[in-house]
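Structure first, then comments.
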Amino acid sequence: MTQEMTLDALDERLVHAVQVAPRAAWAALAPIVGADPVTLARRWSHLRRQGAVYVTGYGWDPDAVFSLIEIECRPGRTLQVAEALVEERGAFTIDLTAGARDIMLSLLTPDTSALAHWTLEHIQELDGVRRVRTHLVSQVVADAREWRLRALSRDEVAAITGRTASGSAGAAMPRLTPDEMEKVREALAVDGRASSAEVADSAGITARKAREVVAVMTATDRYNVRVDVARSRTPWPVSVWYFLQVPADKVSRVGPLLSKIDEARLVVTATGEYNVIMAAWLRSLLDVNKLEAVLEERLPGVRIVDRSVVLRSLKHLGHVLDDNSDATGRTIPMP
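In the working numbering, the protein residues as written are 44 to 378.
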């Protein structure tokens with residue numbers, strides 16, 4: 044990893060702080076991070092321009108269907124198939140992988156009928172697709188909203204939480220037209236730290252109304268603002284998908300245990316051959332098998348049936364990525 048691609052100590056503290064409080068003012072974070080607000084703003088702007096960090100605002104309809112889809116492609120067609128999927132809003136994360144599948148697709152559809160159209164028609168009709176396997180997610184046990192860069196101490200994290208606690212829980216949502224609300228969501232999908240003025244400009248509403256709307260949205264559990272850092276710029280550049288078979292009577296216990304592993308980025312229970320699927324970030328390829336051995340030792344009866352290392356990510360939470368996993372600045376908002 045080159046010097047230019049690594050985050051320095053101050054950058055790491057800054058990113059961790061924003062992960063804890065994604066929309067906090069620089070003045071609130073400055074005393075904990077250890078630099079003045081102007082320096083933090085300048086550093087953050089530089090990281091965003093590089094594509095090293097990106098902030099996503101998103102909310103899922105509780106009735107929507109989340110699926111993980113394995114796609115096998117004909118030789119030489121994987122990139123072509125993946126690039127065709129990049130343009131689709133529902134295909135919000137796309138990984139190119141080594142192993143038994145060429146593409147690992149995270150898909151969000153409004154219902155199972157839409158999922159059927161995707162898997163039986165749309166994907167199958169793409170030139171180069173050989174086979175599709177679909178795993179309907181029954182529960183998201185943990186995701187990377189809680190993943191941290193680990194640059195701040197627990198006391199520093201607690202201090203940020205105390206300084207940035209929101210007082211908007213339970214407040215009434217200002218009235219917006221459906222079109223205005225959609226534009227607010229799109230502005231936050233592109234940049235979850237967008238200012239009230241920027242959101243207002245995108246949605247065609249007043250800055251005051253934008254500030255109130257965003258405050259109410261981000262105070263609820265149904266809307267999330269999440270900070271991601273390019274994997275290649277962290278000490279954990281290797282991304283792996285693990286596919287597990289867990290005895291049915293142990294699933295409810297195993298999922299939460301997996302979510303406590305520092306490396307875990309996503310843990311879901313699912314239908315199909317694998318009833319638990321986990322994504323993790325690791326320090327090296329050597330750790331792929333090491334983590335697997337640790338899991339099977341600590342969780343008797345759990346079998347890791349397969350694993351796939353991510354070779355490249357084309358898209359993550361709607362953000363289009365380059366070959367180094369940096370955000371390109373182009374975003375296709377999630378549905």
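Note that the Cβ used here is the ideal one computed from N, Cα and C, for glycine as well.
Using 8 Å as the threshold, is the C-beta distance between residue 194 and residue 59 below it? Yes, these two residues count as a Cβ contact at 8 Å.
| message | With three or more beta-carbon pairs closer than 8 Å as the criterion, would you say the region 186 to 206 touches the region 229 to 247? | response | No, the region 186 to 206 does not touch the region 229 to 247.
request  = Would you mind sorting residue 181 into buried or exposed? The rule is 16 or more other CB atoms within 10 Å of its CB.
outcome  = Counting other Cβ atoms within 10 Å of its Cβ, residue 181 stays below 16 and is therefore classed as exposed.
Between the C-alpha atoms of residue 54 and residue 170, what's the straight-line distance to the nearest angstrom? So the alpha carbons of these two residues sit roughly 43 Å apart.
Next on the checklist: Going by DSSP, what residue range makes up the alpha helix (DSSP H) through residue 200?
Outcome noted: Where residue 200 is concerned, the enclosing alpha helix (DSSP H) stretches over 197 to 207.
If we require 3 or more residues per run, which beta strand (DSSP E) segments fall completely within the region 82 to 165?
Whole beta strand (DSSP E) segments, 3+ residues: 96 to 101, 108 to 116, 134 to 140, 146 to 152.
Just to confirm, are residue 162 and residue 149 a CB contact at a threshold of 8 Å? Taking a C-beta distance under 8 Å as the contact criterion, residue 162 and residue 149 do not qualify as a contact pair.
> So what does DSSP say about residue 321, is it helix, strand or coil?
Replying inline: Three-state DSSP puts residue 321 in a strand.
Rounded separation between residue 365 and residue 129 - CA only | For residue 365 and residue 129, the distance between alpha carbons rounds to 12 Å.
So what's residue 313 in DSSP terms, helix, strand or just coil?
Correct three-state label for residue 313: strand.
| said: DSSP has residue 256 in a bridge; who is on the other side? | reply: Its beta-bridge partners do not exist; DSSP assigns none.
If you reduce the DSSP assignment to three classes, tell me which class residue 226 lands in.
Note: residue 226 maps to helix in three-state DSSP.
Item checked: Extent of the continuous alpha helix (DSSP H) to which residue 298 belongs -> Going by DSSP, residue 298 is part of the alpha helix (DSSP H) stretching over 294 to 302.
**Asked** Which residues share a DSSP beta bridge with residue 271?
**Response** For residue 271, DSSP records a beta bridge to 97.
- [ ] Indicate whether the contact test is met: 3 or more Cβ pairs, each with one atom in the region 220 to 230 and one in the region 183 to 193, closer than 8 Å.
- [x] No: the two stretches stay apart, fewer than three of their Cβ pairs being nearer than 8 Å.
Identify, in the order they occur along the chain, each residue of the same chain with its Cβ nearer than 6 Å to the Cβ of residue 44, setting aside the five sequence neighbours on each side.
Interpretation of residue 44 is limited by its pLDDT of 45, a score under 50 that renders its predicted location unreliable; the figure taken from the coordinates is listed afterwards. Around residue 44: no qualifying Cβ.
| How big is the Cα-Cα spacing for residue 132 and residue 115? | Between residue 132 and residue 115, the C-alpha separation is close to 21 Å.
Is residue 196 buried or exposed, if buried means 16 or more other CB atoms sit within 10 Å of its CB?
It is exposed - the Cβ of residue 196 has fewer than 16 other Cβ atoms within 10 Å.
For residue 160, count neighbouring C-beta atoms within 10 Å of its own C-beta (all shown protein chains included) and say buried if the count is 16 or more, exposed if not. Result: exposed.
Entirely enclosed alpha helix (DSSP H) segments - the region 52 to 83, minimum 4 residues = Listed in chain order, the complete alpha helix (DSSP H) runs (minimum 4 residues) inside the region 52 to 83 are 52 to 63, 69 to 76.
**Report entry** Beta-ladder partner(s) of residue 236, from DSSP
**Finding:** In the DSSP output, where bridge partners are listed per residue, residue 236 has none listed.
Coil, strand or helix - residue 218 by DSSP
Reduced to three states, the DSSP call for residue 218 is coil.
*Any idea if residue 249 is buried or exposed, counting beta-carbon neighbours within 10 angstroms, 16 or more meaning buried?*
Flag for residue 249 reads exposed.
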